[in-house]
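Undergrad: Per the working numbering, residue 262 is the first one in the sequence shown, and the count goes up by one each step. Encoded as C-alpha cells, here's the structure I'll be asking about.
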Amino acid sequence: MSQKQYIKTIEKEIQRINRIIDLKILRGEAYFREARDHKLLLKKIRFYNRQNFFSKFFPTFSKFQY
C-alpha cells in the first residue's frame with residue numbers, strides 16, 4: 262500500500278468516525294471512545310505530513326535514518 266493510499270484510508274476512517282460522533286451527540290450519548298480513535302488517526306496524518314514537510318525543505322536530512 263502506498264503512502265497516498267494509506268492516508269486516503271485513514272481519512273475515510275476519520276469521516277466514518279465523525280459521522281458516528283455526530284449521531285451520538287444528537288442522541289446525547291457519550292462518545293469518548295470514538296474521540297480517542299479520531300485523535301489517534303489525526304496523529305498518524307500529522308506524522309506523515311511532518312515527514313513530508315521535512316523531506317521537501319531539508320532534502321539532505323531526509324536521507325539519514327536515525
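Even for Gly, the Cβ is constructed at its ideal location relative to N, Cα and C. Every value quoted in this text rests on a predicted model; they were computed, and no experiment measured them.
1. Just reading off the alpha helix (DSSP H) that residue 274 is part of, what are its end residues?
2. Would you call residue 278 buried or exposed, if buried means 16 or more other Cβ atoms sit within 10 Å of its Cβ?
3. Excluding sequence positions up to five away, which residues of its chain have a Cβ less than 8 angstroms from the Cβ of residue 302?
4. Measuring straight from C-alpha to C-alpha, what distance separates residue 262 and residue 305?
5. Can you name, in chain order, every residue of its own chain whose Cβ lies under 8 angstroms from the Cβ of residue 291, other than the five neighbours on each side?
6. Below 8 angstroms on the Cβ atoms is my contact criterion, and I expect residue 282 with residue 296 to pass it. Report the Cβ-Cβ distance as a whole number of Å.
TA: If we stick to the structure as given:
1. The sequence position of residue 274 within the sequence shown is 13, counting from 1. Residue 274 -> alpha helix (DSSP H) spans 264-288.
2. For the purposes of this step, residue 278 is taken as residue 17 along the sequence shown, with counting starting at 1. Around the C-beta of residue 278, 16 or more other C-beta atoms lie within 10 Å, and the residue is accordingly described as buried.
3. Here residue 302 is taken as the residue at index 41 of the sequence shown, counted from 1. Sequence-distant partners of residue 302 (beyond 5 residues in either direction) whose C-beta falls short of 8 angstroms from its own C-beta, in its chain, are 271, 274, 275 and 278.
4. To locate residue 262, count along the sequence shown from 1; it is residue 1. To locate residue 305, count along the sequence shown from 1; it is residue 44. Note on geometry: alpha-carbon atoms of residue 262 and residue 305 lie some 15 angstroms from one another.
5. For the purposes of this step, residue 291 is identified with residue 30 of the sequence shown, where counting begins at 1. Listed in chain order, the non-local C-beta contacts of residue 291 below 8 angstroms within the same chain comprise 285, local neighbours out to five positions each way being set aside.
6. Taking the sequence shown and counting its residues from 1, the one referred to as residue 282 is at position 21. Taking the sequence shown and counting its residues from 1, the one referred to as residue 296 is at position 35. The C-beta distance from residue 282 to residue 296 rounds to 7 angstroms, short enough to meet the 8 angstroms contact threshold.
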